[in-house]
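K.L.:
Numbering-wise (this note's numbering), the sequence shown opens with residue 45 and increments by one. Ideal placement from N, C-alpha and C gives every residue a C-beta, glycine not left out.
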Amino acid sequence: PDLNNFLCRFHVTSRVHELGLIHSDWENCAGLIYLNEHPPKNSGTIFCEKSVFNTKNEIYSLFGEASTTHNVEIIKKHAEDKKNYNKQYKITEEIENIYNRFILYNGKQYHAPHRYFGNNLFNSRLVIVFLFNLV
């Protein structure tokens, strides 16, 4: 198989964001490495299946702004929107956040960070994310 569209980036997120948005990726392969030495429980990655059919994707209109702003009110509003949006999915599996653990999975499978934690760059959820296509 050939590897293309390889992306790799650090992703740090504090507890003000509360939880991840359940989604699938454009790429068919995804992976990450957990980089916190002492993460709390339920801060890993969840995998889900859609339990309610809903074609609305309005959550994505807020995602860009909420992930780049320093405005806590916008971030909190988005966290509430994520909770409501995520209700249409059922968690089928959770991979626990363990320091230096590498996970690789089908990027098309619905997934999300479970819970965010921390309040600064040094104690928030930190991962290296990999996205790529195998063709």
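Is any beta-carbon of chain D found at less than 8 Å from that of Ser-58?
P.N.:
Among the chains of the structure shown, chain D does not appear; only one protein chain is present.
K.L.:
Under 8 Å Cβ to Cβ from Asn-163, same chain only, skipping five residues before and after it: list those, please.
P.N.:
Same-chain partners within the cutoff: Ser-58, Arg-59 and Val-60.
K.L.:
Within this structure, are the beta carbons of Leu-148 and Asn-80 separated by less than 8 Å?
P.N.:
No, these two residues do not count as a Cβ contact at 8 Å.
K.L.:
So, helix, strand or coil for Val-60, using DSSP?
P.N.:
It is helical.
K.L.:
Pull up the distance between the alpha-carbon of Phe-146 and that of His-82, whole angstroms please.
P.N.:
Their backbone Cα atoms lie some 16 Å apart in a straight line.
K.L.:
Pro-157 to Tyr-129, Cα distance in whole Å?
P.N.:
Approximately 14 Å between the Cα atoms of the pair.
K.L.:
Using only alpha-carbon positions, find the residue among Tyr-160, Ala-123, Asn-144 and His-67 that is nearest to Ile-135.
P.N.:
Among Tyr-160, Ala-123, Asn-144 and His-67, the Cα nearest to that of Ile-135 belongs to His-67.
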